[in-house]
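Chemist: Same order as they appear, the protein sequences are chains A and B.
Letter 247 of the first sequence, counting from 1, is numbered 247 in our numbering, and no numbers are missing.
Letter 245 of the second sequence, counting from 1, is numbered 1245 in our numbering, and no numbers are missing.
By construction, the Cβ of each residue, glycine as well, lies at the ideal position given by its N, Cα and C atoms.
Note that the structure is predicted; figures quoted are calculated from it, not measured.
Number of protein chains: 2
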Amino acid sequence: MSRIQRDIIVREVGLRDGLQIHPTFMPTTDKLAWIQNEAQAGVPEIEVTSFVPPKLIPQFADASEVCQGALEIQDLVVSALIPNLKGAQRGIELGVKKLNYVVSVSKTHNLKNVRRERDASIEDFKAIVNLIKTLPLEQRPFIGAGLSTALGCSYEGKIALSEVVLCAEQLLDAGADEIVVCDTVGYADPALVRAVMKAVLAVAGHVPVAAHFHDTRGTGLANVTAALDCGIKYFDASLGGLGGCPFAPGASGNIVMEDLCFMLDAMGLKTGVNLDLLLKTRETMSKSLSDLKLHGALARAGLPNGYVSTLQAQEA
Amino acid sequence: MSRIQRDIIVREVGLRDGLQIHPTFMPTTDKLAWIQNEAQAGVPEIEVTSFVPPKLIPQFADASEVCQGALEIQDLVVSALIPNLKGAQRGIELGVKKLNYVVSVSKTHNLKNVRRERDASIEDFKAIVNLIKTLPLEQRPFIGAGLSTALGCSYEGKIALSEVVLCAEQLLDAGADEIVVCDTVGYADPALVRAVMKAVLAVAGHVPVAAHFHDTRGTGLANVTAALDCGIKYFDASLGGLGGCPFAPGASGNIVMEDLCFMLDAMGLKTGVNLDLLLKTRETMSKSLSDLKLHGALARAGLPNGYVSTLQAQEA
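#1: For residue 1297 (chain B), would you say it is in contact with chain A, using Cβ-to-Cβ distances shorter than 9 Å as the test?
#2: Of the residues B:1068, B:1193 and B:1040, which one's Cα is nearest the Cα of residue 1029 (chain B)?
#3: So, helix, strand or coil for residue 236 (chain A), using DSSP?
#4: For residue 308 (chain A), count the other beta carbons within 10 Å of its own beta carbon; 16 or more makes it buried, fewer makes it exposed. Which is it?
#5: Check whether the region 193-212 of chain A and the region 159-169 of chain A are in contact - that is, three or more C-beta pairs closer than 8 Å.
#6: Going along the region 163-187 of chain A in order, which residues come within less than 7 Å of chain B, judged by CB to CB distance?
#7: Look at residue 263 (chain A) and residue 224 (chain A) and say whether their C-beta atoms are less than 9 Å apart.
#8: Assuming residue 86 (chain A) is part of the beta strand (DSSP E), what are its boundary residues?
#9: Shorter than 9 Å from the beta carbon of residue 1305 (chain B) to some beta carbon of chain A?
#10: In this structure, does DSSP put residue 203 (chain A) in helix, strand or coil?
#11: Look at the alpha carbon of residue 1132 (chain B) and the alpha carbon of residue 1006 (chain B), and state the distance between them as a whole number of angstroms.
#12: By the 10 Å Cβ neighbour count, where 16 or more other Cβ atoms means buried, how is residue 323 (chain A) classified, buried or exposed?
#13: What is the rounded straight-line gap between the Cα of residue 209 (chain A) and the Cα of residue 1204 (chain B)?
#14: Taking only beta-carbon atoms, is residue 1101 (chain B) less than 9 Å away from chain A?
#15: How many whole angstroms separate the CB atoms of residue 317 (chain A) and residue 42 (chain A), which I take to be in contact at a CB cut-off of 8 Å?
#16: Quick one: what does DSSP say residue 287 (chain A) is sitting in, helix, strand or coil?
#17: Tell me whether residue 270 (chain A) sits in a helix, a strand or coil according to DSSP, three-state version.
#18: Taking residue 9 (chain A) as the reference, give the member of A:292, A:265, A:312 and A:315 with the closest Cα.
#19: Which residues mark the beginning and the end of the beta strand (DSSP E) in which residue 1182 (chain B) is found?
#20: Who are the Cβ neighbours of residue 1106 (chain B) in its own chain at under 7 Å, not counting the five residues just before and after it?
#21: Can you pull the chain B residues whose beta carbon is under 7 Å from the beta carbon of residue 154 (chain A), in chain order?
#22: Should residue 949 (chain B) and residue 1242 (chain B) be called a contact, given that it needs their Cβ atoms to be closer than 9 Å?
#23: According to the Cβ coordinates, are residue 1179 (chain B) and residue 1128 (chain B) closer than 9 Å?
#24: Determine, using beta-carbon pairs with one atom in the region 1285-1299 of chain B and one in the region 211-221 of chain A, whether at least three such pairs fall under 8 Å.
#25: Looking at chain B, is there any beta carbon in it that lies within less than 9 Å of the beta carbon of residue 39 (chain A)?
#26: Just the C-alpha distance for residue 1094 (chain B) and residue 1040 (chain B), rounded to the nearest angstrom, thanks.
#27: What residues in its chain sit with their C-beta under 7 Å from that of residue 1121 (chain B), if we drop five residues either side in the sequence?
#28: Would you mind working out which of A:22, A:189 and A:17 sits nearest residue 290 (chain A), comparing C-alpha positions?
#29: Classify residue 56 (chain A): buried if its beta carbon has 16 or more other beta carbons within 10 angstroms, exposed otherwise.
#30: From the DSSP output, read off the bridge partner residues of residue 1300 (chain B).
#31: Please report the distance separating the alpha-carbon of residue 1191 (chain B) from that of residue 117 (chain A).
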């Protein structure tokens, strides 16, 4: 079998960003089936859980089991959200090879979200990187740093570009292996995306920059288009657009993985994802919980008639 | 009162493209209230009806009354779809100042849609332009020519760019005042949009080129972003994304007017549309028929906190 070619790396975040606000516990076996099926469909990286204390978010009570199960899947990059140093320690002990940490550029949002000043959160990140540096090289996980509310904040509204760049620099100086620009509340538009991505790319140097968009106001894939123009190659998304926003009932969540993969594929950009298998994964996953509200246009409309995917074109 | 500034012209097509597949008749007074409210919200152009025979589409049995009512609204560009010469005559008699004609680039689609060969449809267009030329200058309507299925066809799949350009040239030679590139079945992606728009703009010269996108597979606003990059300034959309596709139950229709206007406005592009009034228009319209299925993210999520629109910024 030939090695899968990918121009763009799509990353599933629904098991974390989608399920974290979902009131019903998804059984661990269903989470693992979701991960297994989506990996099989060709999604190369999945954020499988969060090491937030189960007291705060009971959905993640099975974080260890989910990680252990996911880590058995060949060639899948398994990542997990770590809220603090303790989370990093758990991730390292479990052998998770990619840990994702998040700081809100909006100081108000950071305070409300994790009850810490933004500077304190950046100090925490430094402590996490220092812990990682004590490990033998081959045991060190990749450490991603997300800039939450980088494109707008429901408390502060617009976020100054200088603050985004400052946070990015602080996280890069601390040793981030990746910067993720996050539109946490779905305020972004393509013009803002271009401005922010250009500024972050300018300071990131060789460190990869990823995009994490929400589709709260319908601009998700338009923002992807703008980010692609800037040269961004890493995109977070969630199957069925799980996610939503606790402050906007019924609103869409993360950009829809199926729609994202279709758009990229139609543009001739290889994601390595088999769209049919991805749609099947959605279907299976949707049966797991009766109160899941899925979004997404491709699942309703189906692929264009006679559509030839980049995967099929490669095989032909 | 200062004259409204507009960088982009958005055009409502829901009363025609949205309602034409809707099984329930929307009362004429409700149609006129929709038009009135949306014009008041600042939408500068509305395709109010189609002169298709009511035997074929009963929804348009009130075409004359709707036109007459709409034509009383100050500063609104009232347009109507004309399927043929007879439709053009009706539009001219009613004093409609903009007539929209459509040819499918896909020969199969044209045959299935209007039971005529594509070349015959182009001949019909020539006859319509010739009729218009017999009128005194001040009575001549503006005649738009739509290229249906220019970005893909549910019968033929991909459409050759050379065919799109050929049709555009034929319609321009015949005397079209505007070319509308239509993604009739929602197959387009941003890369294809760029290729097609560039090619059509190259032959259109000084004749304006507009975009008519559907959001069937979620790529609608991403395609708008790509078209904006090409310099397109005219966009069709429908309130609540009315439209759908008879072959894809539940699928989205035209791009959502509210989401389009929000995205453009957030990008700093003036549309002249008051977003609050537009959302109110949607709400009122949605009560007209109980079986309408509306789409759209902005209506669910609301405007960003502290959002200042370009209209408000202008007034400040």
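Modeler: From the atom records:
#1: yes
#2: B:1068
#3: strand
#4: exposed
#5: yes
#6: 186 and 187
#7: yes
#8: Not the beta strand (DSSP E): residue 86 (chain A) falls in the alpha helix (DSSP H), residues 85-94.
#9: yes
#10: helix
#11: 29 Å
#12: What the structure shows of chain A is the stretch from 1 to 316, and residue 323 (chain A) is not part of that stretch, so it cannot be assessed.
#13: 39 Å
#14: no
#15: Residue coverage of chain A in this structure runs from 1 to 316, which leaves residue 317 (chain A) outside it and unanswerable.
#16: coil
#17: coil
#18: A:265
#19: 1178-1182
#20: 1149, 1153, 1155, 1156 and 1159
#21: 1305
#22: There is simply no residue 949 (chain B) to check, as chain B begins at 1001 and stops at 1316 in what is shown.
#23: no
#24: yes
#25: no
#26: 22 Å
#27: 1103, 1110 and 1114
#28: A:22
#29: exposed
#30: In DSSP, residue 1300 (chain B) forms no bridge with anything.
#31: 43 Å
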